[in-house]
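The structure appears below as structure tokens.
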Amino acid sequence: MISFFIAFLCCFILTPLVIRFARYFGLVDDPKKRLHPATTHAGVVPRAGGIGIYLSLLITTVFFVEFTPMMIALFIAAGIAVAVGIWDDYRDMSPYLRFGTNILVAVVILFAGVRIPFITNPLGGILHFDTWCSFGVGGLVVPFCLVSAGVTVVWIVWMMNAVGWSAGVDGQLPGFVMIAGIIIALLAQRFVEADPSQSTVITLSLITAGVYAGFLPWNLYPQKIMPGYSGKSLAGFMLAVLAIMSSTKVGAALLVLGVPMIDAGYTVIRRIIMGVSPFRADRGHLHHLLLDMGWGRRRIAFFYWAVTAFLGFIALQLDSQGKVFAFLVMGIVVGGLLVAIQLFNFFRILTRNPS
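Here the sequence shown is numbered in this note's numbering, starting from 10 and rising by one per residue.
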């Protein structure tokens, strides 16, 4: 737990310096100049929170975790994600270009050995993704598992985007990322006797949780700085990789982050049905709908934290089948809530403007 508190202090101290840096170099979000449909704040707010988060993560890890080639690759990949995010904070990039860099980040860590070789089959047994671990090209056998690699890349890219989409209001993202990091550490703790390498996962998970906890006071309403695309994509990347490293507890991560996952899936499906690109930003996320209903920013942030903590507690109690069942129930509940809120807002607007 010392690593958690050191990470907290490091980010808490560095973030005010990042605020000054961001204002000086124009890494800010001004709703009057940047017309973005997903914007929910008023006034000029620095966007480059990922700088302090990444530096705090790196500094703390140096003192508490051995820097193996895999760990070096992890921070190279994370550095790419943050660098792309900082540029996006300065000049909005094409969403397709951002998506391409997400794939690049996933491929970098993939070649370092981080992959999903299997998942527990909720119907019983194990689903192996590393069954076909070689293929031939002109007589040359390539030792590379395409199925495992594909699943890993999809998982990391999905997490980077799904987590990032749930950062619309003050304090929302750092709070639930902190909780998710602690839950992953607790899950990894169960396997540390059988697999001593899990101690690294525990420490890195707590460092990630501590860093975002240190950023949280500066992001609470009224926020002094936003995570920015750099801080959002870094959060999704770290949680995705930690879920893989913690004995591939991908199912547990899906459950713990149930609200962001379901909201993201609902958003993609909704946009496709509407005939627009899944990458096209709008005000249809759950936090937008709750704002439209009159919920305050603090209330929305606390809702995300509370649900994440509750689902984390559930994940610690259930087996694989139970987690799948719980996630399906969450999907029905949250999906129904999203549809109900949209219908409520539609009829409310209709009654106010009957013409």
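Quick reminder that beta carbons are idealized off the backbone N, C-alpha and C, glycines included.
| Item | Value |
| --- | --- |
| On the three-state DSSP scale, how would you describe F127? | strand |
| Should A386 and L248 be called a contact, given that it needs their Cβ atoms to be closer than 7 Å? | The requested residue 386 does not occur in the structure, where the chain is confined to residues 10 to 364. |
| Measuring alpha carbon to alpha carbon, tell me which of A310, L23, K241 and F17 ends up nearest A171. | K241 |
| Residues bridged to D38 by DSSP? | V54 |
| If you follow the beta strand (DSSP E) that H137 is part of, which residue opens it and which one closes it? | I135 to H137 |
| With three or more beta-carbon pairs closer than 8 Å as the criterion, would you say the region 192 to 211 touches the region 220 to 234? | no |
| Can you tell me whether V150 is buried or exposed, with buried defined as 16 or more other CB within 10 angstroms of its CB? | Reliability of the predicted coordinates at V150 is poor, the pLDDT of 47 falling under 50, and the value obtained from them is presented with this limitation in mind. Label assigned to V150: exposed. |
| Could you tell me which of V250, D291 and I135 sits nearest to M79, measuring between CA atoms? | V250 |
| With 16 other CB atoms within 10 Å as the buried threshold, where does P152 fall? | Low confidence applies here, because P152 scores a pLDDT of 48, under 50, leaving its location unreliable and the question unanswered by this model. |
| How long is the line joining the alpha carbons of V116 and V162, rounded to whole angstroms? | 7 Å |
| Look at the Cβ atom of F13, then the Cβ atom of G223, and state whether they are nearer than 7 Å. | no |
| Confirm, please, whether the CB-CB distance from G94 to S208 is below 7 Å. | no |
| Does at least one heavy atom of the ligand ATP sit under 6 Å from the Cβ of M247? | The model depicted lacks the ligand ATP and carries no ligand whatsoever. |
| Have a look at R100, Y221, H294 and S329 and flag the residue whose alpha-carbon is nearest the alpha-carbon of L136. | S329 |
| Where does T77 land, buried or exposed, given buried means 16+ other C-beta within 10 angstroms? | exposed |
| With DSSP as the reference, label G258 as helix, strand or coil. | Checking the sequence shown, residue 258 turns out to be Lys, not Gly. Reduced to three states, the DSSP call for K258 is coil. |
| For S255, which of V123, L66, I28 and T69 has the nearest alpha-carbon? | V123 |
| Just tell me which of L36, M10, T317 and R289 has its CA closest to the CA of K374. | Because the chain spans 10 through 364 in this model, residue 374 falls outside it and cannot be assessed. |
| So, helix, strand or coil for K332, using DSSP? | helix |
| Give a yes or no on contact between the region 267 to 283 and the region 330 to 341, applying the rule of three or more CB pairs nearer than 8 Å. | yes |
| Could you tell me if K332 is buried or exposed, where buried requires 16 or more neighbouring beta carbons within 10 angstroms of its beta carbon? | buried |
| Which parts of the region 297 to 328 are runs of the alpha helix (DSSP H), unbroken and 4 residues or longer, counting only runs that do not cross its ends? | 306 to 326 |
| Look at the Cβ atom of G237, then the Cβ atom of R56, and state whether they are nearer than 7 Å. | yes |
| For I81, which of L119, Y105, F185 and W164 has the nearest alpha-carbon? | L119 |
| For I165, count the other beta carbons within 10 Å of its own beta carbon; 16 or more makes it buried, fewer makes it exposed. Which is it? | buried |
| Looking at the secondary structure, which residues open and close the alpha helix (DSSP H) in which Y275 lies? | G267 to I282 |
| Quick check: the Cα distance between D38 and W96, rounded to an integer number of angstroms? | 13 Å |
| Does I234 come out as helix, strand or coil in the three-state DSSP assignment? | coil |
| Look up V151 in the DSSP assignment and say whether it is helix, strand or coil. | Because the pLDDT at V151 is just 45, under 50, the model does not fix this residue reliably, and the point stays unresolved. |
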